[in-house]
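Beneath this line is the structure, given in structure tokens, with notes to follow.
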Amino acid sequence: MLVPDRRRRVLEHVHREGTAQVEHLARLLGVSAWTVRRDLAELEARGLLRRARGGAYVESATDPAGAPAGEGEDRAAAEGVSADVKARIGARAAQQLPDGATIMVLAGSTTGALLPHLVRRRLTVVTNGLEIAHGLRHAADVSVLLLGGYLHRDQMTLLGPLTEANMADLHVDVIVAGAYGVHPAVGVTGAKIIQAGYQHGMLRHTDALMVLADASKLGRRGPTVLASLDDVDTLVTDSAAAPEIVEQVSAAGVDVLVAE
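Under UniProt numbering, think of the first position of the sequence shown as 1, with each following residue one higher.
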């Protein structure tokens, strides 16, 4: 098992259970306790969990599911995907956005790959991601509107009731979102429970939803449903996507675009 995959499984288990013991994780993953401790130390350094004697836990004072790593995405999993794959997905997605459009780009590592292809476009970009806004700071032709909200530091994302309130008087042509998983029977899923409410609300303020998801996310389910496939207009993925999953998603009425 590759290190990013192992750490993703560790993170998923801790967030699902709330706590986990080193010895249990070692048995679950078939690795040594030393390896698990090293993984937990790295995940704690990224702010994704907290270590305790003999194990780890996630804090729940403000968010029972832990701070999100992006809209639907989880950082440990995202790090296992090459920058080249994300860049190709970003380039393909940008081709679908007309000049003059108002788009909402939700925070995430895959949606961030869209930015280099927007800098010379005449667009209005609405976002709840500080890194998205920062990435467009030199794009003179792009108007940027940053939504307010509670700061989740692990991906510099603004969330919460204020974020939803900021959207109340807005309408965008398209929302561009990442995902933890895209499943033919379930829809677009996220890694954190806190995401569901505000993303459902945002769907009322757009004409279209475009989801960017690399091949590893197709067929995967997360703990919370962000959108049904009926809500999705376009899915942009890469050439490694399983043909049977692509076919099933397409059959649900989604326009699937493959970045070569």
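Quick reminder that beta carbons are idealized off the backbone N, C-alpha and C, glycines included.
Using a Cβ-Cβ cut-off of 6 Å (strictly less than) and excluding sequence neighbours within five positions of M104, which residues of its own chain qualify? Stepping through the sequence shown from its first residue, residue 104 is reached at position 104. A distance below 6 Å between beta-carbons, with the five flanking residues on each side excluded, links M104 to the following residues of its chain, in chain order: V126, V172, I175.
Give me the Cβ distance between G90 and A107, rounded to the nearest whole Å; I'm assuming they're in contact under 8 Å. Counted from its first residue, the sequence shown places residue 90 at position 90. Counted from its first residue, the sequence shown places residue 107 at position 107. Actually they do not touch by this definition, with Cβ atoms about 14 Å apart.
Unbroken alpha helix (DSSP H) run spanning D173, endpoints: Counted from its first residue, the sequence shown places residue 173 at position 173. Per DSSP, D173 belongs to no alpha helix (DSSP H) and is neither H nor E.
My output table needs one value for R51: the three-state DSSP class, helix, strand or coil. Counting from 1 along the sequence shown, the entry for residue 51 is found at position 51. When secondary structure is reduced to three states using DSSP, R51 falls in the strand class.
Report yes if the CB atom of V249 is closer than 9 Å to the CB atom of L229, and no otherwise. Here residue 249 corresponds to residue number 249 of the sequence shown, with the count starting at 1. Here residue 229 corresponds to residue number 229 of the sequence shown, with the count starting at 1. Their beta carbons are under 9 Å apart, which means V249 touches L229 by this criterion.
Under 8 Å, with one C-beta from each stretch per pair, do the stretch 211-220 and the stretch 140-156 reach the 3-pair mark? Contact between the stretch 211-220 and the stretch 140-156 is absent, because fewer than three Cβ pairs lie under 8 Å.
Can you tell me where the beta strand (DSSP E) holding L151 begins and where it ends? The residue you call residue 151 lines up with position 151 of the sequence shown. Judged by DSSP secondary structure, L151 falls within the beta strand (DSSP E) whose first and last residues are 150-152.
With DSSP collapsed to three states, give me the class of M167. What you label residue 167 is simply residue 167 of the sequence shown in a count that begins at 1. Here M167 carries a helix assignment [DSSP, helix/strand/coil].
Taking only the alpha-carbon atoms, compute the straight-line gap between R6 and D169 and give it to the nearest angstrom. Counting from 1 along the sequence shown, the entry for residue 6 is found at position 6. Counting from 1 along the sequence shown, the entry for residue 169 is found at position 169. The straight-line gap from Cα to Cα measures roughly 43 Å.
Over the uninterrupted beta strand (DSSP E) stretch that includes V225, give me the two end residues. Taking the first residue of the sequence shown as 1, we reach residue 225 at position 225. Per DSSP, V225 belongs to the beta strand (DSSP E) from 224-227.
How many angstroms separate the CA atom of D207 from the CA atom of A93? Position 207 of the sequence shown, counted from the first residue, corresponds to residue 207. Position 93 of the sequence shown, counted from the first residue, corresponds to residue 93. CA-to-CA, the gap between D207 and A93 works out to about 16 Å.
How is the alpha helix (DSSP H) around Q248 delimited, first residue to last? Counted from its first residue, the sequence shown places residue 248 at position 248. Q248 -> alpha helix (DSSP H) spans 243-251.
Just list the residues that DSSP pairs L2 with in beta bridges. Your numbering for residue 2 matches position 2 in the sequence shown. Partner residues in a beta bridge of L2, as assigned by DSSP, do not exist.
Which word fits S239, buried or exposed, when buried means at least 16 other C-beta atoms lie within 10 angstroms of its C-beta? To locate residue 239, count along the sequence shown from 1; it is residue 239. So S239 ends up on the exposed side.
Whole-number beta carbon distance between R9 and L40, since they are thought to touch under 8 Å: Translated into the one-based positions of the sequence shown, residue 40 becomes position 40. Translated into the one-based positions of the sequence shown, residue 9 becomes position 9. Contact annotation, L40 with R9: C-beta distance approximately 12 Å; criterion of less than 8 Å not satisfied.
Between G181 and G129, what straight-line distance do the alpha-carbon atoms span, to the nearest angstrom? Walking along the sequence shown from the start, residue 181 turns up at place 181. Walking along the sequence shown from the start, residue 129 turns up at place 129. When rounded, the distance between both Cα atoms is 20 Å.
Could you tell me the distance, in whole angstroms, from the CA atom of E17 to the CA atom of L123? For the purposes of this step, residue 17 is identified with residue 17 of the sequence shown, where counting begins at 1. For the purposes of this step, residue 123 is identified with residue 123 of the sequence shown, where counting begins at 1. Each residue's Cα considered, the two are about 42 Å apart.
Strictly by DSSP, which residues pair up with I103? Here residue 103 corresponds to residue number 103 of the sequence shown, with the count starting at 1. Residue pairing of I103 in beta bridges, as defined by DSSP: V125, V174.
Under a three-way DSSP split, which group does H183 fall into? In the sequence shown, the residue the question calls residue 183 occupies position 183. It is a strand residue.
Roughly how many angstroms separate the alpha carbons of M202 and T157, rounded to a whole number? Here residue 202 is taken as the residue at index 202 of the sequence shown, counted from 1. Here residue 157 is taken as the residue at index 157 of the sequence shown, counted from 1. One alpha carbon belongs to M202, the other to T157, and they sit about 15 Å apart.
Just the Cα atoms here: how many angstroms apart are G187 and G219? Here the question's residue 187 lines up with position 187 in the sequence shown. Here the question's residue 219 lines up with position 219 in the sequence shown. Whole-angstrom Cα-Cα distance: 9 Å.
If L162 sits next to G190, beta carbons under 8 Å apart, how far is it from one beta carbon to the other, in whole angstroms? As a working note, residue 162 is residue 162 in the sequence shown. As a working note, residue 190 is residue 190 in the sequence shown. About 19 Å; that fails the 8 Å criterion.
Would you report the Cα separation of L25 and S32, rounded to the nearest angstrom? Taking the sequence shown and counting its residues from 1, the one referred to as residue 25 is at position 25. Taking the sequence shown and counting its residues from 1, the one referred to as residue 32 is at position 32. Between L25 and S32, the alpha-carbon positions lie close to 9 Å from each other.
Following the continuous beta strand (DSSP E) through L143, name the residue where it begins and the one where it ends. Numbered from its first residue, the sequence shown carries residue 143 at position 143. Looking at the sequence provided, one finds Ser at residue 143 rather than Leu. Counting along the chain, the unbroken beta strand (DSSP E) around S143 starts and ends at 142-146.
Among the candidates G55, S109, L2, L43, whose CA atom is the shortest distance from the CA of residue 322? The chain is shown only over 1 to 260; residue 322 falls outside these bounds and no answer can be derived.
Buried versus exposed call for L118 [16 or more other C-beta atoms within 10 Å across all chains shown]: Mapped onto the sequence shown, residue 118 falls at position 118. It counts as buried.
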